[in-house]
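A.B. asks:
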Amino acid sequence: MADAGPATRVEVDTEDAARARARSHRAGSKAGSGPWTTVLVTAWIVLVVAFVAIAVFENAFRYRAVGASFLIASAWTLPPLLVLHGIHAAVVRPGGRRARRRDAPFDRAAARVVAESRAAGFPDLDVAALVRMLRSADNGPDPGTGERGMPDWPLLRWELPLALPQPGRFVVAERRSGPERGSGPERGSGPERTVLTLVEHPTEPPVPRTAPSVAEHLGTIVLGAYRPDAPAPFTASRIGGAPAVPEGWEWPLCVHHDEPMQFTAQIEHRETLVSVFVCQFDPGTCASWEPDSGANAAFVFSLRGLHLAAGPVSPHGDPDDPEPTSPPLLADAMLLRHVPVPMVHDDEDPDRVLAAAAAEGVLVAGQYGGVPEWIQDDETPAGTEFVASIEPGPLGFDLGDAGRAYVFSDGARASVLWQSS
3 MADAGPATRV EVDTEDAARA RARSHRAGSK AGSGPWTTVL VTAWIVLVVA FVAIAVFENA
63 FRYRAVGASF LIASAWTLPP LLVLHGIHAA VVRPGGRRAR RRDAPFDRAA ARVVAESRAA
123 GFPDLDVAAL VRMLRSADNG PDPGTGERGM PDWPLLRWEL PLALPQPGRF VVAERRSGPE
183 RGSGPERGSG PERTVLTLVE HPTEPPVPRT APSVAEHLGT IVLGAYRPDA PAPFTASRIG
243 GAPAVPEGWE WPLCVHHDEP MQFTAQIEHR ETLVSVFVCQ FDPGTCASWE PDSGANAAFV
303 FSLRGLHLAA GPVSPHGDPD DPEPTSPPLL ADAMLLRHVP VPMVHDDEDP DRVLAAAAAE
363 GVLVAGQYGG VPEWIQDDET PAGTEFVASI EPGPLGFDLG DAGRAYVFSD GARASVLWQS
423 S
């Protein structure tokens with residue numbers, strides 16, 4: 003694998019924050035709810051009724067002017083209301099004693115996350131954003147869920163800002179396990195852990211592997227393929243299966259064969275979904291290795307408003323092969339996740355990557371980000387960023403002899419090419 007931009011990953015125990023969130027949920031102590039809301043609403047109702055009653059009494063029975071009646075009613079009802087709100091501000095509002103006690107678990111968890119991330123070599127995180135993440139139950143609905151009768155699953159992944167913004171660097175936080183998570187992707191029991199991944203993308207064009215690079219000492223982010231224990235959003239990174247696509251999208255056809263290309267992979271990248279297609283109708287008879295040959299395609303989709311694509315209909319098909327070995331849609335599919343592994347140099351055993359991936363319970367399906375490891379010459383398309391490489395296994399894509407596909411994007415468009423030995 004090539005030198006990679008992402009530096010490392012660190013897991014921090016944030017179970018105290020998870021328990022504090024659960025207590026807040028049970029007590030209904032979100033802003034605008036809880037026992038104080040009941041007290042204040044009741045006080046307002048009682049004192050408004052009292053205000054009206056006193057004003058009417060002073061005007062109707064003591065024959066005072068309307069303005070004087072209102073002043074007397076205000077003198078009786080406003081002081082208790084102001085005192086009650088003062089107590090509420092001192093006890094519950096931000097900065098109050100109860101608020102400080104309520105926020106303490108989140109502050110402790112944030113301090114622990116900052117300390118452990120610093121020890122791992124991360125840049126300083128924005129502490130206020132980190133505390134908001136720890137306090138939040140989720141980051142909204144997970145894109146791609148809640149459709150076709152499926153339940154809405156919360157998104158438990160955040161992109162955390164840095165205290166001092168640095169071009170090409172950001173931290174992704176992902177929450178795993180925890181008592182409030184019952185079902186859905188990546189859920190489980192046991193103490194909550196917040197997994198931080200420092201992602202670095204080069205702001206300059208990729209440099210040859212012989213050039214010195216900080217990444218040489220950091221490692222590689224492997225795309226690890228695995229079979230999930232629970233259903234996953236159809237926008238999740240994957241190889242094989244069916245792609246998530248927007249309305250009105252049309253399946254790409256190979257210009258040489260006029261046949262549907264095979265869906266290879268979709269990869270979540272910088273808040274987009276990059277989808278890759280390669281013609282496998284008759285491998286080797288069209289230039290599917292070239293980015294602009296019309297025999298492959300890559301798309302950049304927003305993560306919102308997507309649906310699962312239906313299988314394409316072959317315009318011609320092969321009467322001699324009603325069940326082709328490389329159909330446009332593979333029946334098999336595997337999810338992808340990022341797995342940091344140690345850097346492997348040319349004079350070292352490449353099986354270290356496989357062993358590190360196996361230790362994480364995944365199969366090596368490619369590389370995410372960083373600098374691509376070219377089999378032949380550098381063919382990076384101008385103005386694009388390296389997204390990922392895709393290996394033939396574990397689903398057996400036909401990419402030539404020991405080949406590898408390379409995926410690039412500029413945020414609006416994407417391209418794919420492959421090389422072989």
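Residue numbers (the numbering used here): 3 to 423.
C-beta: ideal position from N, C-alpha, C; glycine also.
Would Gln-378 be called buried (16 or more neighbouring beta carbons within 10 Å of its own) or exposed?
C.D. replies: In the sequence shown, the residue the question calls residue 378 occupies position 376. Label assigned to Gln-378: exposed.
A.B. asks: To the nearest angstrom, how far is it from the Cα of Trp-38 to the Cα of Thr-16?
C.D. replies: For the purposes of this step, residue 38 is taken as the residue at position 36 of the sequence shown. For the purposes of this step, residue 16 is taken as the residue at position 14 of the sequence shown. Roughly 28 Å separates the two Cα atoms.
A.B. asks: If you count every other CB in all the chains shown that lies within 10 Å of the CB of Ser-423, and 16 or more means buried, which is it?
C.D. replies: Locating residue 423 in the sequence shown gives position 421, where the first residue counts as 1. Counting Cβ neighbours within 10 Å, Ser-423 comes out exposed, since fewer than 16 surround it.
A.B. asks: Find out if the Cβ-Cβ distance for the pair Gln-421, Ser-391 is shorter than 7 Å.
C.D. replies: The residue you call residue 421 lines up with position 419 of the sequence shown. The residue you call residue 391 lines up with position 389 of the sequence shown. No, Cβ-Cβ distance for Gln-421 and Ser-391 is not below 7 Å.
A.B. asks: Using 10 angstroms around the beta-carbon of Gln-264, count the other beta-carbons present and answer buried if the total reaches 16, otherwise exposed.
C.D. replies: Against the sequence shown, residue 264 aligns to sequence position 262. Buried, since its Cβ has 16 or more Cβ neighbours within 10 Å.
A.B. asks: When the Cα of Glu-311 is compared with those of Glu-375, Gln-268, Gln-282, Arg-134, which residue comes out closest?
C.D. replies: As a first step, residue 311 must be located in the sequence shown, where it is residue number 309. For clarity, residue 311 is Ala in the given sequence; the question names Glu instead. Considering only alpha carbons, the answer is Gln-268.
A.B. asks: If you pair each beta-carbon of the region 157 to 171 with each one of the region 125 to 134, do three or more pairs fall below 8 Å?
C.D. replies: In short, these stretches touch, since the Cβ pair count reaches three.
A.B. asks: Which residues in the same chain have their Cβ closer than 6 Å to the Cβ of Gly-413, if we skip the five residues on either side of it in sequence?
C.D. replies: For the purposes of this step, residue 413 is identified with residue 411 of the sequence shown, where counting begins at 1. Excluding residues within five positions, none has a Cβ falling inside 6 Å.
A.B. asks: What does Pro-342 pair with, by DSSP beta-bridge criteria?
C.D. replies: Here residue 342 refers to the residue found at position 340 of the sequence shown. Paired residue(s): Ile-223.
A.B. asks: Report the rounded CA-to-CA distance for Ser-138 versus Ala-244, giving the unit in angstroms.
C.D. replies: As a position in the sequence shown, residue 138 is number 136, starting the count at 1. As a position in the sequence shown, residue 244 is number 242, starting the count at 1. Straight-line Cα distance between these residues: approximately 32 Å.
A.B. asks: Do three or more CB pairs link the region 381 to 391 to the region 251 to 266 at distances below 8 Å?
C.D. replies: Touching, no, given that fewer than three Cβ pairs across the two stretches are closer than 8 Å.
A.B. asks: With burial defined as no fewer than 16 other Cβ atoms inside 10 Å of the residue's Cβ, what is the status of Glu-270: buried or exposed?
C.D. replies: As a first step, residue 270 is located in the sequence shown; it is residue number 268 there, counting from the start. Glu-270 is buried by the Cβ-count criterion.
A.B. asks: Which residues does DSSP pair with Leu-305 in a beta bridge?
C.D. replies: Locating residue 305 in the sequence shown gives position 303, counting from the first residue. In the DSSP output, where bridge partners are listed per residue, Leu-305 has none listed.
A.B. asks: Per DSSP, what kind of secondary structure is Leu-337 in: helix, strand or coil?
C.D. replies: Indexing the sequence shown from 1 puts residue 337 at position 335. Of the three classes helix, strand and coil, the one that applies to Leu-337 here is strand, per DSSP.
A.B. asks: Assign Ala-300 to buried or exposed, taking buried as 16 or more other Cβ atoms, counted over all protein chains shown, within 10 Å of its Cβ.
C.D. replies: Looking up residue 300 in the sequence shown gives position 298. Answer is buried; the Cβ neighbour count reaches 16.
A.B. asks: May I ask you to report which of helix, strand or coil DSSP gives Asn-141?
C.D. replies: Here residue 141 is taken as the residue at index 139 of the sequence shown, counted from 1. Coil.
A.B. asks: Count the other CB atoms within 10 Å of the CB of Tyr-65; is the residue buried (16 or more) or exposed (fewer)?
C.D. replies: Mapped onto the sequence shown, residue 65 falls at position 63. Exposed.
A.B. asks: Give the secondary structure of Thr-40 by DSSP, where H, G and I count as helix, E and B as strand, and everything else as coil.
C.D. replies: Taking the sequence shown and counting its residues from 1, the one referred to as residue 40 is at position 38. Helix.
A.B. asks: Under three-state DSSP, which class holds Thr-199?
C.D. replies: Looking up residue 199 in the sequence shown gives position 197. Strand, per DSSP.
A.B. asks: By DSSP, does His-27 sit in helix, in strand, or in coil?
C.D. replies: Within the sequence shown, residue 27 is the residue found at index 25, counting from 1. Three-state result, His-27: helix.
A.B. asks: Going by beta-carbon coordinates alone, are Ala-112 and Leu-132 separated by less than 7 Å?
C.D. replies: Stepping through the sequence shown from its first residue, residue 112 is reached at position 110. Stepping through the sequence shown from its first residue, residue 132 is reached at position 130. Yes, Cβ-Cβ distance for Ala-112 and Leu-132 is below 7 Å.
A.B. asks: For Arg-339, does the count of other Cβ atoms within 10 angstroms reach 16, so buried, or fall short, so exposed?
C.D. replies: Here residue 339 refers to the residue found at position 337 when the sequence shown is read from its first residue. Burial call: buried.
A.B. asks: List the endpoints of the continuous alpha helix (DSSP H) containing Ala-361.
C.D. replies: Working through the sequence shown from its first residue, we reach residue 361 at position 359. 353 to 361 is the extent of the alpha helix (DSSP H) around Ala-361.
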